[in-house]
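Undergrad: Below is one structure. I have some questions about it.
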Amino acid sequence: MAPTSPPKPSPRTLLRLQPLSPKDLPPHPTLSDISNSTPKSPPKSPPKGPPSPSFFSATPPTAPKDEEATALATFAARALKEAEDFIEAAPTTFREKGWKRSPPWEGRVRVLEGLSAEISSRFPVARVDRGEGAAGGVVDVVGETDKKKMREAWFGRRSIHETSPSSPSSENPSKTSQPNFPTFDKFLRKNHSLNEKAYTPAVFAAKSVLDYGKVPDGAVDGWRDVEVGVWEMGHRMPWPLRGRAFGIIVVSGRKISSASVSSSATVLESGKIKNETGKGGETKDRKNVKNGKPEEGHEEEDSDTSLIVQLPVDLARVPTAFFATHSNRNHGSTSEEEQKMVLGKYVSVEKISLRFKNGNVADSGGGNATAAKEIVWEMVTASDAGGWLPMALQKLGVPGAICKDVGFFLGWVRREGGVV
């Protein structure tokens, strides 16, 4: 049997720790002055270091609405594609680093650490042509960036949640009710930034900078309920550190399922690749679906995966920014908002997916419609809090911080009444 060839590298042009510039964002009326004041002719020679990917320079913010919609859908599609490919490759690009508790949830969270060599080989951070490019965001990848300047320390977590108070699993010994998939999607994907502020004690501000709204269903192939927005998040830090502000563009959506629920999840266990169920994807019953969308109360049956992508953005020149423009110093509503902030950056992907538990199979007629299911919540991130805090110290604190979010989220959802 011939050896299997390694996967073809998938260059990352959006999913990277280097912040996007306003020119890299989809067209928006607020960005018009910035675009008009920036020369759009390509440089005579390639710039030194890793330039930002100017995808939409041929589609200015004052373009017709149809061109704006095309550029927005193209950006969202690229972000979701890069994020989905990246997180699905986690079994080979991340290694497991034990478990952590996350009260008040009684389950355990699996800690993941990125394998730098594997990530840079499989998903190199790409350098792109800063020229005009084609309308709609066609990108020409011309080479890999300076690895020393683009060093990223990736971490992640994975937790498994039962959707009913049945017998405990190895990763979730709790017998208390857990949120079902629509509840996870409602509280985690929808209004992601505002909800993150609500359930995370360290987040004291979530400021909307640019609202792109919802991308029309059908505009992003394979996805629905796609939303895009630019936000600034204010994070409090332990004394004597100043607060951190992070500018991000959030892209989220629900995967359109081909009438199937995945009953398979390949994960790493004890350093080896393991299939937790040994079963392939199985066909689901398509009842309670009208016009390609599920009826209210039957959302689980049409989509079993949601994705939230957060990409860093440099907002210093965006007039509606709050922290990056220092507007907070005079217009903050609290002393915490008015403090002098340090600008940081982070990139992250969160995926929630529904699968059958313990290899149960659902037949095409829905004979196993009541089979036990569980939700897998995965998250990977790279960050730099900025300031004088050494990266070595930051790396020590990231795994614990992201694992705590599981308990914070579930505790908040229960207080909001989001349990089955």
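If you count by full-length UniProt numbering, then the sequence shown holds residues 1 to 420, one letter each, in order.
Don't be surprised by glycine CBs; every beta carbon is placed ideally from N, CA and C.
Model, not experiment: these values are computed from the prediction.
#1: Have a look at the DSSP bridge pairing and note the partners of Thr305.
#2: Using 8 Å as the threshold, is the C-beta distance between Trp105 and Leu410 below it?
#3: Assuming the contact rule is C-beta atoms closer than 8 Å, Val250 and Thr320 should be a hit. Round their C-beta distance to whole Å, please.
#4: With a Cβ-Cβ cutoff of 8 Å, do Gly229 and Tyr212 count as a contact?
#5: Whole angstroms are fine: how far does the CA of Val226 sit from the CA of Pro91?
#6: Quick check for students: name the residue ranges of the beta strand (DSSP E) that lie wholly in the stretch 224-256, counting only runs of 3 or more.
#7: Thinking C-alpha only, which one of Ser159, Ser121, Ser333, Ser102 is nearest Ser10?
#8: With a threshold of 8 Å on Cβ separation, who are the neighbours of Pro238 within its own chain once the five nearest residues in sequence on each side are excluded?
#9: Can you tell me whether Thr59 is buried or exposed? The criterion is at least 16 other CB atoms within 10 Å of its CB, across all chains shown.
#10: Taking Cβ to Cβ, would you say Phe75 is nearer than 8 Å to Leu15?
#11: Among Leu396, Trp377, Glu374, Lys373, which has the Cα closest to the Cα of Asp384?
#12: Can you give me the start and stop residues for the alpha helix (DSSP H) that Glu118 sits inside?
#13: Measure the alpha-carbon distance for Asn30 versus Trp388 and round it to whole angstroms.
#14: Please report the distance separating the alpha-carbon of Ile402 from that of Gly386.
#15: How far does the beta strand (DSSP E) with Asp221 in it reach, from first residue to last?
#16: Is the number of C-beta pairs between the stretch 152-162 and the stretch 373-380 that are closer than 8 Å three or more?
#17: Would you tell me roughly how many angstroms separate the C-alpha atoms of Glu196 and Met341, rounded to the nearest one?
#18: In terms of alpha-carbon separation, which member of Ser348, Lys357, Lys373 lies closest to Pro19?
#19: Would you kindly report the start and end of the unbroken beta strand (DSSP E) that includes Glu84?
TA: Looking at the coordinates:
#1: Ser353
#2: yes
#3: Rounded, the Cβ-Cβ distance is 15 Å, inconsistent with contact.
#4: yes
#5: 26 Å
#6: 244-255
#7: Ser121
#8: none
#9: Legend: pLDDT at Thr59 = 44, less than 50; position of this residue unreliable, no value from coordinates given.
#10: no
#11: Leu396
#12: 116-122
#13: The sequence as given places Thr at residue 30; Asn does not occur at that position. In a straight line, the C-alpha of Thr30 is about 33 Å away from that of Trp388.
#14: 18 Å
#15: Asp221 -> no beta strand (DSSP E), and no H or E assigned at all.
#16: yes
#17: 19 Å
#18: Ser348
#19: Here Glu84 belongs to no beta strand (DSSP E); instead the alpha helix (DSSP H) covers 65-88.
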